[in-house]
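Numbered per the numbering used here, the sequence shown finishes at 478, counting up by one with no gaps.
For each residue, glycine too, the CB sits at the ideal point set by N, CA and C.
None of these values were measured; they are calculated from a predicted model.
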Amino acid sequence: MRVVHRRPATVRCLTALTLGMLALTGCSTDDGPAAATASGTSAAPAPSPDGTAPSTAPTGTAPTGTAPTGTAPTGTAPTGTAPSGTKPTGTGARWAGTKQFVQIDDARTADGRTYLSVRPAQKKPHPQFEAWVIVPGEGPYTEVSMTEDAQVLLSVPLGDAKHPASYAQADFVGRLTARPSSDRALLGYDLSFDGEGRVTRVQSLYTP
Numbered sequence: 271m272r273v274v275h276r277r278p279a280t281v282r283c284l285t286a287l288t289l290g291m292l293a294l295t296g297c298s299t300d301d302g303p304a305a306a307t308a309s310g311t312s313a314a315p316a317p318s319p320d321g322t323a324p325s326t327a328p329t330g331t332a333p334t335g336t337a338p339t340g341t342a343p344t345g346t347a348p349t350g351t352a353p354s355g356t357k358p359t360g361t362g363a364r365w366a367g368t369k370q371f372v373q374i375d376d377a378r379t380a381d382g383r384t385y386l387s388v389r390p391a392q393k394k395p396h397p398q399f400e401a402w403v404i405v406p407g408e409g410p411y412t413e414v415s416m417t418e419d420a421q422v423l424l425s426v427p428l429g430d431a432k433h434p435a436s437y438a439q440a441d442f443v444g445r446l447t448a449r450p451s452s453d454r455a456l457l458g459y460d461l462s463f464d465g466e467g468r469v470t471r472v473q474s475l476y477t478p
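The structure is reproduced here in structure tokens:
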């Protein structure tokens with residue numbers, strides 16, 4: 271009896287099957303990077319027409335140029351600004367360390383200190399007498415304070431004589447306020463100010 275050995279044929283079949291599987295595996299491996307590249311390329315955002323930025327905006331990005339909520343409008347005037355035309359008070363600092371010729375419209379005493387409402391004016395010699403002619407100024411009056419030891423020199427018509435004489439501040443306030451407003455406009459005074467804009471000397475000019 272003859273025995274047939276089929277082992278070589280079986281080995282050849284297994285070898286052929288193994289080679290076929292390797293061939294298939296190689297094809298799959300070669301296709302992998304290309305497929306991954308294609309997938310990644312399709313996911314990238316398309317550029318805008320000018321080529322400077324993606325046409326697809328990121329989700330949730332706030333629109334450019336939107337003003338923040340609660341921002342105060344520009345050009346709004348600050349609050350607390352004093353209205354124009356208000357009579358200035360205590361602004362004699364602009365005359366600090368100077369001498370000024372002024373009119374005095376009113377005078378008062380408060381908290382032990384004398385306050386004067388003054389306005390710059392001009393003076394010129396009287397054409398017939400050794401006296402002065404007062405040229406009234408224009409604009410609002412400014413209230414300035416006098417120092418406690420300020421000197422007051424008065425001549426006629428506020429004083430009792432042609433030549434200036436010394437008077438107390440309270441006496442000066444009483445004599446000035448006793449005169450009508452029309453008479454006060456015809457009077458002139460030389461004032462001296464200290465470094466803080468306070469009056470240290472008042473001298474009325476002789477007017478006939």
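Under DSSP, the beta-bridge partners assigned to T384 are T379.
The beta carbon of Y385 sits closer than 8 Å to those of A377, R378, T379, E413, V414, S415, M416, all from its chain and outside the five residues before and after it, given in chain order. Going by C-alpha positions, W402 is about 18 Å away from R389. Here DSSP, grouped into helix, strand and coil, assigns D430 to coil.
Judged by DSSP in its simplified three-state form, S425 adopts coil rather than helix or strand. Rounded to whole angstroms, the gap between the alpha carbons of G362 and D419 is 17 Å. Y476 and E408 have their C-alpha atoms some 22 Å from each other.
Under the DSSP assignment, T470 falls in the beta strand (DSSP E) whose first and last residues are 469 to 474. Between F399 and D460, the C-beta gap is not smaller than 7 Å, which leaves the two residues out of contact. Under the DSSP definition of a beta bridge, Q392 partners with V405.
Our two residues, E466 and R383, have alpha carbons roughly 15 Å apart in a direct line.
For L461, the enclosing beta strand (DSSP E) covers residues 459 to 463.
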